[in-house]
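**Student:**
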Amino acid sequence: DSIHIGPDGTLYLTDDGSHTVRRCTPEGKVLMELGVPGTPAPFMSNEPFHRCTHTAISPDGHLFVSDGYGNACVHKYTPDGRLVKSWGESGTGPGQFNIVHNITADDDGWIYVADRENHRVQVFDTEGRYEAQWNNLHRPCGLYMPRGSCPHCFIGELGPGMAVNRHHPNLGPRLSIVTNEGELIARLGGEDGPGQEPGKFLAPHGLAVDSRGDIYVGEVAYTNWPSSFGDEPRPRWLRTLQKLEKV
Numbered sequence: 001d002s003i004h005i006g007p008d009g010t011l012y013l014t015d016d017g018s019h020t021v022r023r024c025t026p027e028g029k030v031l032m033e034l035g036v037p038g039t040p041a042p043f044m045s046n047e048p049f050h051r052c053t054h055t056a057i058s059p060d061g062h063l064f065v066s067d068g069y070g071n072a073c074v075h076k077y078t079p080d081g082r083l084v085k086s087w088g089e090s091g092t093g094p095g096q097f098n099i100v101h102n103i104t105a106d107d108d109g110w111i112y113v114a115d116r117e118n119h120r121v122q123v124f125d126t127e128g129r130y131e132a133q134w135n136n137l138h139r140p141c142g143l144y145m146p147r148g149s150c151p152h153c154f155i156g157e158l159g160p161g162m163a164v165n166r167h168h169p170n171l172g173p174r175l176s177i178v179t180n181e182g183e184l185i186a187r188l189g190g191e192d193g194p195g196q197e198p199g200k201f202l203a204p205h206g207l208a209v210d211s212r213g214d215i216y217v218g219e220v221a222y223t224n225w226p227s228s229f230g231d232e233p234r235p236r237w238l239r240t241l242q243k244l245e246k247v
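According to the numbering used here, the sequence shown is numbered sequentially starting from 1.
(1) Nearest to Gly266 by CA position, among Ser45, Tyr69 and Gly81, is which residue?
(2) Within 10 angstroms of the Cβ of Lys76, are there 16 or more other Cβ atoms? Answer buried if so, exposed if not.
(3) Are the beta-carbon atoms belonging to His119 and Asn135 less than 9 Å from one another?
(4) Taking one C-beta from the region 137–155 and one from the region 85–92 each time, how about it: are there three or more such pairs within less than 8 Å?
(5) Can you check DSSP and say which residues form a bridge with His152?
(6) From Trp225 to Gly206, what distance separates their C-alpha atoms?
(7) Using C-beta distances below 6 Å, list every residue in its chain close to Val220, excluding the 5 sequence neighbours before and after it, in chain order.
(8) Determine, using beta carbons only, whether Gly38 and Arg51 come nearer to each other than 9 Å.
(9) Please name the residue in Glu117, Arg187, Pro160 and Asp1 whose C-alpha comes closest to that of Thr55.
(10) Is it right to say Pro194 is buried, meaning 16 or more other beta carbons lie within 10 angstroms of its own, or is it exposed?
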């Protein structure tokens, strides 16, 4: 599930459990609903939606939906909710996906897609034409690109998901900051695995950056605990949201 704030202040709520995207006012009034609640599209059919994951809005107002856990594609909609096109398929080549987990857009209209289990971010134009890919990432999960004078992309990366490499260093979980061309600017955390100490992460899943440059990191700490710590008993309380202040 994810929340995306549109340029007009309305909220786009992506619900992978009900296979829907809803546009709502901050007061909770539903203005638009895409998908049929509780009814997934056939598995890997690339029809909307099968456990969709996130939304993005291009400068011309089109809506893009990453889809997701049971599909391997991106859907493009008009502002009023008419499906324009879909692109992508399961695989490892350009324009193919292995868990389409997040999506964002910049002021120039480029679409950035977190291709989580292919360990990369892919870049497309608004017609779905492949432009580039950013590698040197580990299970990119959350994306955030501020509009305007900060052409940087913030990327939340998950740590290893297998017991055999659970304790390997330098694989996250972590937060990476890159230019809009994918060049690394900074990397926070991940040198020695997950944790709740300052400067560490458990499972960065959703990101936001405010007007001051402070970073908000939402973490799926409870569900990710077994992947990160195996049979180690889970604490009753885990951090699920942290704020990193710009200094």
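Backbone N, C-alpha and C fix where the C-beta goes; we use that ideal spot for every residue, glycine too.
**Tutor:** The relevant details are as follows:
(1) This structure cannot settle anything about residue 266, because the visible part of the chain is limited to 1 through 247.
(2) Flag for Lys76 reads buried.
(3) Going by C-beta atoms, His119 is nearer than 9 Å to Asn135.
(4) no
(5) Beta-bridge pairing links His152 to Thr179.
(6) Taking the straight line from one Cα to the other gives about 17 Å.
(7) Ala203 and His205
(8) no
(9) Asp1
(10) buried
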